[in-house]
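Q: At position 71 of the sequence shown the residue is numbered 79 (this note's numbering), and the sequence of numbers has no breaks.
Cβ atoms here follow ideal geometry from the backbone N, Cα and C, with glycine treated the same way.
Bear in mind the structure is a predicted one, so any value in this text is a computation, not a measurement.
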Amino acid sequence: MKNSLLIVSFAVSLVSLNLIAQVGVGTDNPSSSAVLHLQSSNKGLIIPTLTTAEVDAMTLGPISNGTMVFNIDSNEVYVYFGTKWHSLTPLEKEHGQAAPNKGRIKATTNALEVKSLDATTVNTFNGNGITPIGGIIMWSGTTIPSGWALCNGQTANGHPTPNLTGKFIVGYNSSDTRFDQTGFYSQHALYKAGGGIATPVYSAGDFGGQDSVTLDINTIPPHSHNGNTNSDGNHTHSYRRCGGWAEAGGSYWDNLARISNLLTETTTGTGAHSHFFTTNVGGGHGKAHNNLPPYYTLAFIMRVQ
């Protein structure tokens, strides 16, 4: 009789489980959103523990998506979906730690892989980094990294590079009509027809400028120079003049000897004074002058893959 009651009780329990479709372990009130609800204040859940070889062997047969195991070789929890096992613990962090231990982060598409990582140091990047294709950086070195190309106008891996050799960069500005156009290479005229400096309209990809500039009549304003001579104080000047002719007979040379009657005279003093002068308008020598600020040469390279 007692055994019959146990069998009936167990059958009723199974019927209840089928009706409710929920099992509570350690709780009489399992969550309505859970099939199995475990409740404990001092115990945890142990899922199947397997070696790497045992995990790999499971893939020989059909595996349902969502299958979960603990790999005791790598100390990682794996879940199966699609056609592969995926780790749920890419970074190891001990209980109570603020930062993870050294590990690996890896993306299988456009991968950024960090070989060695701790809280303060990144040693090596594998792949082409996080700069987007078409991104340009300044670079120093002798060998351009793989996946990058020198910005010298070449086309690399199907991506045309701008020719930035020997040039400064002007930033794009959508709110300035001189800098809000895109895409074309052009050399803007420096001067207007008939003289005067033109107002340039810069587009993304434009280039221009000069290493040196020769000033000409369009860039030099009309001008002259004036000033005053230094004052020499109140002074006079002495001079000599012929006092007269003395008539005499004889040869021509005798007559010249009579012109020795010279008088020394002195001008009247005019007081201390100086003289003001103005030069005529004139041009220079047409020499070019350097137009470069202090500089340091680096290469521009663009990511092309």
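CB-CB under 8 Å to R248, same chain, minus the five flanking residues each way: which ones, in chain order?
A: Translated into positions along the sequence shown, residue 248 becomes position 240. Closer than 8 Å at Cβ, skipping near neighbours: L270, L271, T272 and E273.
Q: What whole-angstrom Cβ distance do T60 and N79 have, given they're in contact under 8 Å?
A: The residue labelled residue 60 in the question sits at position 52 within the sequence shown. The residue labelled residue 79 in the question sits at position 71 within the sequence shown. Indeed they touch by this definition, with Cβ atoms about 6 Å apart.
Q: Excluding the 5 residues flanking H4 on each side, which residues of the same chain have their C-beta closer than 7 Å to its C-beta?
A: In the structure as shown, the chain starts at 9 and stops at 313, and residue 4 therefore has no counterpart that could be examined.
Q: At which residues does the beta strand (DSSP E) containing T150 begin and terminate?
A: The residue labelled residue 150 in the question sits at position 142 within the sequence shown. Here T150 belongs to no beta strand (DSSP E), and DSSP marks it neither H nor E.
Q: Take F176 as the anchor and find which of C159, A164 and G166 has the nearest alpha-carbon.
A: One-based indexing of the sequence shown puts residue 176 at position 168. Checking every option, the nearest Cα to that of F176 belongs to C159.
Q: Can you tell which of V77, G74, T57 and P170 has the C-alpha that lies nearest to the C-alpha of R3?
A: The structure shown does not extend to residue 3, since the chain is modelled only from 9 through 313, so no value can be given for it.
Q: Bridge partners for A65 per DSSP, in chain order?
A: Position 57 of the sequence shown, counting from 1, holds the residue named residue 65. In DSSP, A65 forms no bridge with anything.
Q: Report the partner residues of L58 according to the DSSP bridge assignment.
A: One-based indexing of the sequence shown puts residue 58 at position 50. Looking at the DSSP assignment, L58 forms a beta bridge with N79.
Q: Just how far apart, CA to CA, sit S72 and Y86?
A: As a first step, residue 72 must be located in the sequence shown, where it is residue number 64. As a first step, residue 86 must be located in the sequence shown, where it is residue number 78. Distance between the alpha carbons of S72 and Y86: 13 Å.
Q: Taking C-beta to C-beta, are S232 and N288 nearer than 9 Å?
A: Here residue 232 corresponds to residue number 224 of the sequence shown, with the count starting at 1. Here residue 288 corresponds to residue number 280 of the sequence shown, with the count starting at 1. It is a contact, given that the beta carbons lie within the stated cut-off.
Q: Look at the Cβ atom of I309, then the Cβ atom of I152, and state whether they are nearer than 9 Å.
A: As a position in the sequence shown, residue 309 is number 301, starting the count at 1. As a position in the sequence shown, residue 152 is number 144, starting the count at 1. Going by C-beta atoms, I309 is nearer than 9 Å to I152.
Q: Going by DSSP in three states, P170 sits in which element: helix, strand or coil?
A: Taking the sequence shown and counting its residues from 1, one reaches residue 170 at position 162. P170: coil per DSSP, three-state reduction.
Q: Tell me Y303's beta-bridge partners as DSSP assigns them.
A: Working through the sequence shown from its first residue, we reach residue 303 at position 295. Y303 is not bridged to any residue.
Q: Near L44, which residues of its chain fall below 6 Å by C-beta distance, leaving aside the five closest residues on each side in sequence?
A: Along the sequence shown, one-based indexing puts residue 44 at 36. Counting only Cβ-Cβ distances below 6 Å, and skipping sequence neighbours, we find V31.
Q: Determine the DSSP secondary structure at V312, reduced to helix, strand or coil.
A: Taking the first residue of the sequence shown as 1, we reach residue 312 at position 304. The answer is coil: DSSP assigns V312 none of H, G, I, E or B.
Q: For a test of the three-state rule: what should DSSP assign to N234, helix, strand or coil?
A: Start at 1 with the first residue of the sequence shown, and residue 234 comes out as number 226. Here N234 sits in strand by DSSP.
Q: Going by alpha carbons, who is nearest to M76 out of L68, N37 and F89?
A: Residue 76 sits at position 68 when you count from the first residue of the sequence shown. Minimum Cα distance to M76 is reached at F89.
Q: Answer with buried or exposed for V33, where buried requires no fewer than 16 other C-beta atoms within 10 angstroms of its C-beta.
A: In the sequence shown, the residue the question calls residue 33 occupies position 25. Classification of V33: exposed, given that the 10 Å Cβ count is below 16.
Q: What's the gap between the Cα of S48 and the Cα of T57?
A: To locate residue 48, count along the sequence shown from 1; it is residue 40. To locate residue 57, count along the sequence shown from 1; it is residue 49. Whole-angstrom Cα-Cα distance: 21 Å.
Q: Applying the criterion that 16 or more other CB atoms from any shown protein chain within 10 Å of the CB defines a buried residue, is P38 buried or exposed?
A: Position 30 of the sequence shown, counted from the first residue, corresponds to residue 38. The residue in question, P38, is buried, as its Cβ has 16 or more Cβ neighbours within 10 Å.
Q: Return the residue from the list K51, G52, S95 and P302 that minimises the CA-CA distance to V63.
A: Within the sequence shown, residue 63 is the residue found at index 55, counting from 1. For V63, the nearest C-alpha among the options comes from S95.
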